[in-house]
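Undergrad:
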Amino acid sequence: MIGKEIIESEPIPSSEVKEIIEDFAENNELNYEQNLTVNHLARFKRYSADDAKEIYQKLQDEFGLRAKVAAHIVDLVPQDLADMRLIFAKEPSKTTKEDMEAILEMLEQYDFIE
Amino acid sequence: MYYKTKIKDIVRIPPYKFGEPLNEVAIQTLNETYEGRLDKKLGLLICVNAIEEIGEGKLIMGDGASYHSVVFEAIFFKPEQHEIFNGEVIDVVDYGAFVRIGPMDGLIHVSQVTDDYISYNAKNGSLTAKESNKSLNESDLVRARAVSVSIKDESTNNIENNRNSKIPLTMRQNNLGRFEWIEEAKQNSKKG
Numbered sequence: 023m024i025g026k027e028i029i030e031s032e033p034i035p036s037s038e039v040k041e042i043i044e045d046f047a048e049n050n051e052l053n054y055e056q057n058l059t060v061n062h063l064a065r066f067k068r069y070s071a072d073d074a075k076e077i078y079q080k081l082q083d084e085f086g087l088r089a090k091v092a093a094h095i096v097d098l099v100p101q102d103l104a105d106m107r108l109i110f111a112k113e114p115s116k117t118t119k120e121d122m123e124a125i126l127e128m129l130e131q132y133d134f135i136e
Numbered sequence: 045m046y047y048k049t050k051i052k053d054i055v056r057i058p059p060y061k062f063g064e065p066l067n068e069v070a071i072q073t074l075n076e077t078y079e080g081r082l083d084k085k086l087g088l089l090i091c092v093n094a095i096e097e098i099g100e101g102k103l104i105m106g107d108g109a110s111y112h113s114v115v116f117e118a119i120f121f122k123p124e125q126h127e128i129f130n131g132e133v134i135d136v137v138d139y140g141a142f143v144r145i146g147p148m149d150g151l152i153h154v155s156q157v158t159d160d161y162i163s164y165n166a167k168n169g170s171l172t173a174k175e176s177n178k179s180l181n182e183s184d185l186v187r188a189r190a191v192s193v194s195i196k197d198e199s200t201n202n203i204e205n206n207r208n209s210k211i212p213l214t215m216r217q218n219n220l221g222r223f224e225w226i227e228e229a230k231q232n233s234k235k236g
């Protein structure tokens, strides 16, 4: 058990994690896990931390997605319907093709980092 | 998936750190205490990055340190069942491939690499498919789904214990596998 009581816990996009660890690195030396995380996140395509936060909020407010699914979408940077279906495949609620297309359209406004 | 979690705790500030800024010392102390800790519910602690609230110090008989109640914010990595990961193959062995999916590693068993028959090539340490020309080597980038997740309470600092947490992955579904395979499959389906 870590701590006495867990007050709240919410998913966050991995780009934000990268930013937090990089800020943390300015004053502290990174340990093994922190180094692994930053290096791993830098290898894959992703949105910038600010964009990631914005998309994450939009997915929840405008599309009514759960925080978990929203974070999942931001992390994986889906490019087409096939990628979207992969994310929604194990979701209990059905998402229509139109909804997925609307999300993809929204995502297209943002540039990702390779 | 990564989580930002707020936790209430008590932090012990040793007397030789009394002169330094309290918040920084608290962050440092908490990081030292919980470094590499794996919690069943929360996942793997990556870092304690902020102090939300810190109370007045209390002294306890027989100890020169002060104890503060604290609410801190920490980042956790918690793999979940059915979650999709982008990962890097870090090791290929005869029974499968180890994939780094963040601060933790998962295993893709040979039977879960592709639908094809897979054999291990010991010479160059790769997994090769029999009918298609697919192969999996070290440092390949892949996309895989966690089939199940088993996390035990422990510290990753202890190598002996670290092997108890297992994340089996699969790539035998549409749009999973090496990024090149996914791209190829998409091109083929476009052609019809």
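So the sequences go chain by chain: A and B.
Take 23 as the starting number for the first sequence in the working numbering and just add one per residue.
Take 45 as the starting number for the second sequence in the working numbering and just add one per residue.
Ideal placement from N, C-alpha and C gives every residue a C-beta, glycine not left out.
For I57/B, go through chain A and note every residue whose CB falls closer than 8 angstroms to its CB, in chain order.
TA: Correct list: empty, because the minimum Cβ distance to chain A is about 16 angstroms.
Undergrad: Under a three-way DSSP split, which group does T214/B fall into?
TA: T214/B: strand per DSSP, three-state reduction.
Undergrad: Distance cutoff 8 angstroms, beta carbons only. Does V136/B sit that close to anything in chain A?
TA: V136/B does not count as touching chain A.
Undergrad: State the CB to CB distance for the pair K38/A and K75/A, rounded to an integer number of angstroms; the pair is presumed to be in contact (CB under 8 angstroms).
TA: With the sequence shown as reference, residue 38/A is identified as Glu, and Lys is not the correct amino acid for it. Confirmed, Cβ separation roughly 6 angstroms.
Undergrad: Could you tell me the distance, in whole angstroms, from the CA atom of L171/B to the CA atom of F46/A?
TA: Approximately 39 angstroms, taken between the alpha carbons.
Undergrad: Does the Cβ of S36/A have 16 or more other Cβ atoms within 10 Å, making it buried, or fewer, making it exposed?
TA: The residue is buried, with at least 16 neighbouring Cβ atoms inside 10 Å.
Undergrad: Taking K122/B as the reference, which of E76/B, A190/B, A229/B has the closest Cα?
TA: Checking every option, the nearest Cα to that of K122/B belongs to A190/B.
Undergrad: On the criterion of 16 or more Cβ atoms from any shown chain inside 10 Å, does L87/A qualify as buried, or is it exposed?
TA: That one is buried.
Undergrad: Taking the alpha-carbon of S179/B as reference, which of F62/B, Q72/B, Y60/B, V136/B has the nearest alpha-carbon?
TA: Ranking the options by Cα distance to S179/B, first place goes to V136/B.
Undergrad: Can you give the Cα-Cα distance for L129/A and I77/A, rounded to whole angstroms?
TA: Roughly 8 angstroms between the two C-alpha positions.
Undergrad: When we look at the beta-carbon of Y139/B and count the other beta-carbons within 10 Å, is it buried (16 or more) or exposed?
TA: Classification for Y139/B: exposed.
Undergrad: Give a yes or no on whether 8 angstroms exceeds the smallest Cβ distance from L213/B to chain A.
TA: Chain A, which has no Cβ nearer than 8 angstroms to the Cβ of L213/B, makes this no.
Undergrad: Note down, in chain order, each residue of its chain lying with its Cβ closer than 6 angstroms to the Cβ of N219/B, except the 5 sequence neighbours on either side.
TA: Once the five neighbours on either side are set aside, the close Cβ partners of N219/B are I226.
Undergrad: For a cutoff of 8 angstroms on Cβ pairs, would you count I152/B as touching chain A?
TA: No, its Cβ sits nowhere closer than 8 angstroms to a Cβ of chain A.
Undergrad: Please state whether the Cβ-Cβ distance between I95/A and I125/A is less than 8 angstroms.
TA: Contact: yes.
Undergrad: Any beta carbon from chain B within less than 8 angstroms of P33/A's own beta carbon?
TA: Answer yes: the Cβ-Cβ gap between P33/A and chain B drops below 8 angstroms somewhere.
Undergrad: CA-CA distance, M106/A and R56/B?
TA: If you take the alpha carbons of M106/A and R56/B, they lie about 47 angstroms apart.
Undergrad: Can you tell me which of K230/B, I211/B, G101/B, I119/B puts its alpha carbon nearest to the alpha carbon of P58/B?
TA: The shortest C-alpha separation from P58/B is found at G101/B.
Undergrad: Determine which residues of the region 103-120 of chain B have a Cβ less than 7 angstroms from any Cβ of chain A, and write them out in chain order.
TA: So the close ones are V115, I119.
Undergrad: Count Cβ pairs between the region 227-235 of chain B and the region 155-170 of chain B that sit closer than 8 angstroms; are there 3 or more?
TA: Segments in contact, no.
Undergrad: Would the region 145-154 of chain B count as touching the region 112-128 of chain B if we require 3 or more Cβ pairs under 8 angstroms?
TA: These segments touch.
Undergrad: Check distances from the C-beta atoms of the region 89-101 of chain B to those of chain A and list, in chain order, the residues that come in under 7 angstroms.
TA: For the region 89-101 of chain B, which is checked against every Cβ of chain A, the residues closer than 7 angstroms are L89, I90, C91, N93.
Undergrad: Cα separation between V92/B and N49/A?
TA: Answer to the nearest angstrom: the Cα atoms are 13 angstroms apart.
Undergrad: So, helix, strand or coil for L151/B, using DSSP?
TA: L151/B falls in the strand class under three-state DSSP.
Undergrad: Strictly by DSSP, which residues pair up with P33/A?
TA: BP columns for P33/A point to Y47/B.
Undergrad: Spell out whether any CB of chain A is found under 8 angstroms from the CB atom of L185/B.
TA: L185/B counts as touching chain A.
Undergrad: Would V186/B pass as a contact of R216/B if the rule is Cβ separation under 8 angstroms?
TA: No.
Undergrad: Less than 8 angstroms between CB atoms is the rule here; does T73/B satisfy it with respect to chain A?
TA: Judged by the 8 angstroms Cβ criterion, T73/B is not in contact with chain A.
Undergrad: Taking 7 angstroms as the limit between beta carbons, can you name the residues of its chain near E113/A, skipping five residues before and five after?
TA: If we look at E113/A and ignore the five residues flanking it on each side, its Cβ neighbours are V91.
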